[in-house]
Amino acid sequence: MFVPELYRPPSREWLYRIIRQYPLAVLVSNGTDAPHATHLPIVLPESASPAGPAEPRDVLLGHMNRSNPHWSQLTDGQHARLVFSGPGGYVTPTHYRTTPAAPTWDFVAVHVAGTVHLEQDPEQTLGVVSRTAQALEERFGRSWDQEPSLDHFASLVPGVGAFRLRIESVEGMFKLSQEKSLEIRQRVIRTFADSEVGSHRELARLMDELGLGRPLAGVSGAPSGCPA
Numbered sequence: 007m008f009v010p011e012l013y014r015p016p017s018r019e020w021l022y023r024i025i026r027q028y029p030l031a032v033l034v035s036n037g038t039d040a041p042h043a044t045h046l047p048i049v050l051p052e053s054a055s056p057a058g059p060a061e062p063r064d065v066l067l068g069h070m071n072r073s074n075p076h077w078s079q080l081t082d083g084q085h086a087r088l089v090f091s092g093p094g095g096y097v098t099p100t101h102y103r104t105t106p107a108a109p110t111w112d113f114v115a116v117h118v119a120g121t122v123h124l125e126q127d128p129e130q131t132l133g134v135v136s137r138t139a140q141a142l143e144e145r146f147g148r149s150w151d152q153e154p155s156l157d158h159f160a161s162l163v164p165g166v167g168a169f170r171l172r173i174e175s176v177e178g179m180f181k182l183s184q185e186k187s188l189e190i191r192q193r194v195i196r197t198f199a200d201s202e203v204g205s206h207r208e209l210a211r212l213m214d215e216l217g218l219g220r221p222l223a224g225v226s227g228a229p230s231g232c233p234a
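All the letters of the sequence shown, read from the start, carry residue numbers 7 to 234 under the numbering used here.
Shown next as C-alpha cells:
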C-alpha cells in the first residue's frame with residue numbers, strides 16, 4: 007500500500023487498535039485466474055505485541071464457509087493479505103473557505119501481509135470459532151455466555167474452514183487532513199463531531215485522540231498528487 011509519510015500512524019499500537027475496533031476484513035490471496043477476496047471477521051489475540059516488529063506469536067485468527075471457493079484455493083503456507091477499513095468520510099471544500107478548492111475523503115485503512123496456516127484439527131477449528139465469538143462479544147456484545155452453545159458450535163465445525171495468518175508486515179494509512187492548516191483541521195473535527203453520520207463522529211474522535219486539533223510538528227504543506 008502506498009502511504010505518504012504524512013499519513014503514517016505514530017506507532018504500531020494504532021494499527022492493532024484499528025484491527026480490533028474494525029474486525030471485518032477482506033482476505034485477499036492469489037487464485038487461478040484472479041485474486042480471491044472474502045469478507046470475514048478477524049481476531050487479533052491480546053498476546054500480540056504492538057511494539058516493534060511483529061513477534062512470532064503475532065497471528066490473526068479467521069474462518070470462512072468451507073463451501074466458499076476461496077477456501078479450496080487456500081494452501082498451507084500461502085502468502086495472503088488482510089485489508090481492514092476504519093472510519094471514513096467525505097470532506098467538503100466548504101471547510102477550506104477558499105477558492106479554488108477540491109473535495110477529498112478522509113479514511114483509515116490497515117493492510118496486514120503474512121502466511122496462512124490452515125487448521126486441520128476440528129478442535130483447533132472450534133477453538134478459532136470460540137475465540138472469535140468471545141473476542142467480538144467482549145468488544146461489541148452484551149456479555150453473552152457462549153458455554154451453553156459450544157455443542158452447537160461443534161456441530162457447525164464440519165462446514166467451517168479456520169486459519170491463522172502469521173503476521174509478516176503491517177502498514178496503515180491514516181489520511182486525516184494532516185496536510186491542511188490547524189484552523190481547517192479544527193473545523194473538520196468540529197463538523198464531524200456534530201454530524202449525524204456515525205463514521206464522521208468516529209473520525210472526529212480519532213483525529214482528536216491523534217492530536218490533529220493541535221499544531222503538528224514538521225508539517226509545512228500538502229503532499230503533491232492524489233494521496234491514494
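Every residue gets a Cβ at the ideal spot worked out from N, C-alpha and C, and that includes glycine. Predicted model only: the values in this text are computed from it and were never measured.
Going by C-alpha distance, which of the options is nearest residue i?
| i | options | result |
| --- | --- | --- |
| A31 | A40, P51, L67 and P10 | L67 |
| A40 | D157, P75 and F169 | P75 |
| R103 | L46, R145 and I190 | I190 |
| P47 | G178, S175, R170 and V176 | R170 |
| R18 | Q79, V118 and P106 | V118 |
| H45 | R196, T38, W77 and V65 | W77 |
| G133 | S149, H206 and E153 | E153 |
| R23 | S91, A107, H42 and Q79 | S91 |
| V89 | S149, S155 and A115 | A115 |
| G167 | G217, Q27 and T81 | T81 |
| K181 | P221, D157, P164 and G94 | G94 |
| W111 | D214, E11, E215 and L209 | L209 |
| P164 | D64, H69, E11 and P29 | H69 |
| G217 | H206, S183 and E202 | S183 |
| H42 | D64, P29 and H85 | H85 |
| Q27 | S53, E11 and A141 | A141 |
| L12 | I25, A199 and K186 | K186 |
| D64 | R72, S53 and G204 | S53 |
| V49 | R172, R207, E215 and L212 | R172 |
| V194 | V203, G178, E177 and M213 | M213 |
| S161 | D200, L33, S136 and G120 | S136 |
| L222 | Q192, F198, E202 and H206 | Q192 |
| R220 | L188, R211, F198 and S201 | L188 |
| V9 | R207, P51, G147 and V176 | V176 |
Under a Cβ-count criterion, where at least 16 other Cβ atoms within 10 Å of its own Cβ denotes burial, should residue i be classed as buried or exposed?
| i | result |
| --- | --- |
| Q126 | exposed |
| M7 | exposed |
| E144 | exposed |
| G37 | exposed |
| W20 | buried |
| P235 | There is no way to answer for residue 235, as the model of the chain reaches only from 7 to 234. |
| T138 | buried |
| A107 | exposed |
| R87 | buried |
| A228 | Its pLDDT being 47, under 50, A228 is placed unreliably by the model, and the measurement read from it follows with that caveat. Counting Cβ neighbours within 10 Å, A228 comes out exposed, since fewer than 16 surround it. |
| V122 | buried |
| P29 | buried |
| L156 | exposed |
| G83 | exposed |
| G120 | buried |
| F113 | buried |
| S35 | buried |
| H158 | exposed |
| F146 | exposed |
Can you pull the DSSP bridge partners for residue i?
| i | result |
| --- | --- |
| L33 | T44 and L88 |
| M70 | G167 |
| R172 | V65 and T121 |
| A115 | S91 and M179 |
| T110 | V97 |
| V49 | L67 |
Taking only beta-carbon positions, decide if residue i is within less than 8 Å of chain C.
| i | result |
| --- | --- |
| D39 | Absent from the structure is chain C; it holds one protein chain and no more. |
Would you say the beta carbon of residue i comes nearer than 7 Å to a heavy atom of the ligand ADP?
| i | result |
| --- | --- |
| A119 | With respect to the ligand ADP, the structure shown offers nothing to examine, as it has no ligands at all. |
Would you list, in sequence order, the uninterrupted alpha helix (DSSP H) runs of no fewer than 4 residues that lie entirely inside the segment 176-209? Counting only runs of 4 or more, we get 188-199.
At least three beta-carbon pairs within less than 8 Å, the segment 128-138 to the segment 88-98: Here the segment 128-138 does not lie against the segment 88-98, with fewer than 3 beta-carbon pairs under 8 Å apart.
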